[in-house]
Amino acid sequence: TWPPMKTPNLSGWEKLICPYFAPNCRRVLGKYLEDNGFTETGLNEIGGVMFSRFGVFLEVSYELELVPQALSMVLGIGEKKYDAGGHPCCVPYWHLLPRDRPEHRGEQIKFKTESDLETLLLRFRHEFLEPYAKPLWLNLDRLEKAIGNFRSGITYGIT
């Protein structure tokens, strides 16, 4: 066939991509996010899933360089994680959690298998999205304050 099929370069960072991440993310979180007014807007460069709702975005992804992989979620305003000046337009999940939560310290967020990922996503839906993220996506002023606190280095105490 012409043009010749391009073989993916799996010698670089691409070999670290988690092929089951996006399908599992859609299956576990899709209906919940849809019920809360979000629509899927695409994938990031490593197959994390982007959702959007009235000017708010949620990126559900993972840390590519960590093995086992670690879940990553950011909530922000607009469409991009950083503005033209390189400042964050979003807040990572851990910033919204109380300091005594293990997830705040990067613990209990890793997955090695599809089953681990499903369990982790379900836990994050109940223990992070519903109690911490949802009040912010429903109140842009609070979300802007949380992003401002993150930019300023204040690590918790969302009001």
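Residue numbering for the sequence shown follows the numbering used here, starting at 18 and increasing by one per position. Glycine is no exception: its CB is placed at the ideal position from the N, C-alpha and C atoms.
If contacts are defined as beta-carbon pairs under 8 Å, then residue i and residue j qualify, I think. What distance do you get, rounded to the angstrom?
i, j, result
"THR58", "PHE71", "Between PHE71 and THR58 the Cβ distance is about 12 Å, and since that is not below 8 Å, they are no contact."
"LEU113", "TYR149", "4 Å"
"LEU60", "ALA87", "That pair is no contact at about 18 Å."
If you reduce the DSSP assignment to three classes, tell me which class residue i lands in.
i, result
"TRP19", "Model confidence at TRP19 stands at a pLDDT of 46, short of 50, so the residue's coordinates are unreliable; what they give is reported in the following sentence. In the structure shown, TRP19 sits in coil (DSSP, three-state: anything other than H, G, I, E or B)."
"ILE164", "helix"
"LYS151", "helix"
"LEU92", "strand"
"PRO115", "coil"
"THR24", "The predicted model places THR24 with a pLDDT of 47, which falls under 50 and marks its position as unreliable; any figure quoted below should be read in that light. THR24: coil per DSSP, three-state reduction."
"TYR173", "Unreliable placement is indicated for TYR173, whose pLDDT of 49 sits below 50; no coordinate value is reported for it."
Is the Cβ-Cβ distance between residue i and residue j less than 7 Å?
i, j, result
"VAL108", "ALA163", "yes"
"GLU131", "TYR37", "yes"
"GLY65", "GLU76", "yes"
"PRO85", "LYS127", "yes"
"ILE63", "ILE34", "yes"
Is residue i a contact residue of the ligand GTP, with contact defined as CB to any heavy atom under 6 Å?
i, result
"ALA87", "As far as ligands go, the structure on display features none, and thus does not contain the ligand GTP."
>> At 4 residues or longer, what runs of the alpha helix (DSSP H) sit wholly inside the stretch 27 to 88?
In response: 38 to 52
>> Would you call the stretch 125 to 140 in contact with the stretch 38 to 48, where contact means no fewer than 3 C-beta pairs closer than 8 Å?
In response: yes
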